[in-house]
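**Student:**
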């Protein structure tokens, strides 16, 4: 069974997570680039699956357009 | 990384959250502020802004929340321990006292103060409640003052961010 969940974090925390965790992979290598290129204080919504290993399957910037769409 | 010591934690009650999501013209602005405050708290990162789990469940059930993860990114739903839950059920405490008990629980940890934000029309119900008579570390604010407080905390974040050159 694959569990999917999303969390909102500052990009800096996500960068820490992906640099410290040995168990994280990406559905698309561009997602890693997008995270690393984000301003540290940019809020990101990260969707992950937890199977083995953790896979990041979606990265969204939590900006005004995102909030307008999702609130 | 910007990390801020906020002077108090926030409990947002059902009525205030309902108003933000359904009626406020500043919904995006308020949620943006709450997201930044919640994620930048030095002492309570991701636990700065709290909502009673039953309050959040009601908002979900009413279909007022499109993206649950987004809302959980700015407020953490919190429930009582089984021991507290038992007492609450035995004593039949109403939702106002339940939020008060939660506020007292939170004020046991830094920054030792909690502010409950509700709607102006509900404020009197909190202020009149005898259960809260002797409490000094739990405060209550109506929506206008509550939004002002949220903006003040967000300004604190913005100032710290500017100071850090982030």
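Protein chains in written order, with this note's numbering: chain U, 214 to 284; chain R, 461 to 626.
No residue lacks a Cβ here, since even glycine has one placed at the ideal position from N, Cα and C.
Just so it is clear, the structure is predicted and the values come from calculations on it, not from any experiment.
(1) Do residue 574(R) and residue 471(R) have their beta-carbon atoms positioned less than 8 Å apart in this structure?
(2) Return helix, strand or coil for residue 252(U), following the three-state DSSP convention.
(3) Let me know if residue 554(R) comes out buried or exposed under the rule of 16 or more other beta-carbons within 10 Å of its beta-carbon.
(4) Distance, Cα to Cα, residue 279(U) vs residue 484(R)?
(5) What does a CB cutoff of less than 7 Å around residue 512(R) pick up in its chain, not counting 5 residues either side in sequence?
(6) From residue 519(R) to residue 265(U), what does the alpha carbon distance come to, in whole angstroms?
(7) List the residues of chain B whose Cβ lies closer than 8 Å to the Cβ of residue 277(U), in chain order.
(8) Could you compute how far the alpha carbon of residue 548(R) sits from the alpha carbon of residue 623(R)?
(9) Excluding sequence positions up to five away, which residues of its chain have a Cβ less than 7 Å from the Cβ of residue 496(R)?
(10) Looking at chain R, is there any beta carbon in it that lies within less than 8 Å of the beta carbon of residue 221(U)?
(11) Under 7 Å, CB to CB, which of the residues in the region 524-543 of chain R have a partner in chain U?
(12) Who pairs with residue 219(U) in a beta bridge, going by DSSP?
(13) Along chain R, which residues have their Cβ under 7 Å away from the Cβ of residue 281(U)?
(14) Quick check on this structure: which residue in 251(U), 214(U), 217(U) and 226(U) has the alpha carbon closest to the alpha carbon of residue 506(R)?
(15) Given this structure, state the Cα-to-Cα distance separating residue 621(R) from residue 476(R), to the nearest angstrom.
**Tutor:** From the atom records:
(1) yes
(2) coil
(3) exposed
(4) 18 Å
(5) 538, 558, 559 and 562
(6) 34 Å
(7) As a matter of chain content, chain B is missing from the structure shown, whose protein chains are U and R.
(8) 45 Å
(9) 614 and 617
(10) yes
(11) 526, 527, 529, 530 and 533
(12) 260(U)
(13) 488
(14) 226(U)
(15) 28 Å
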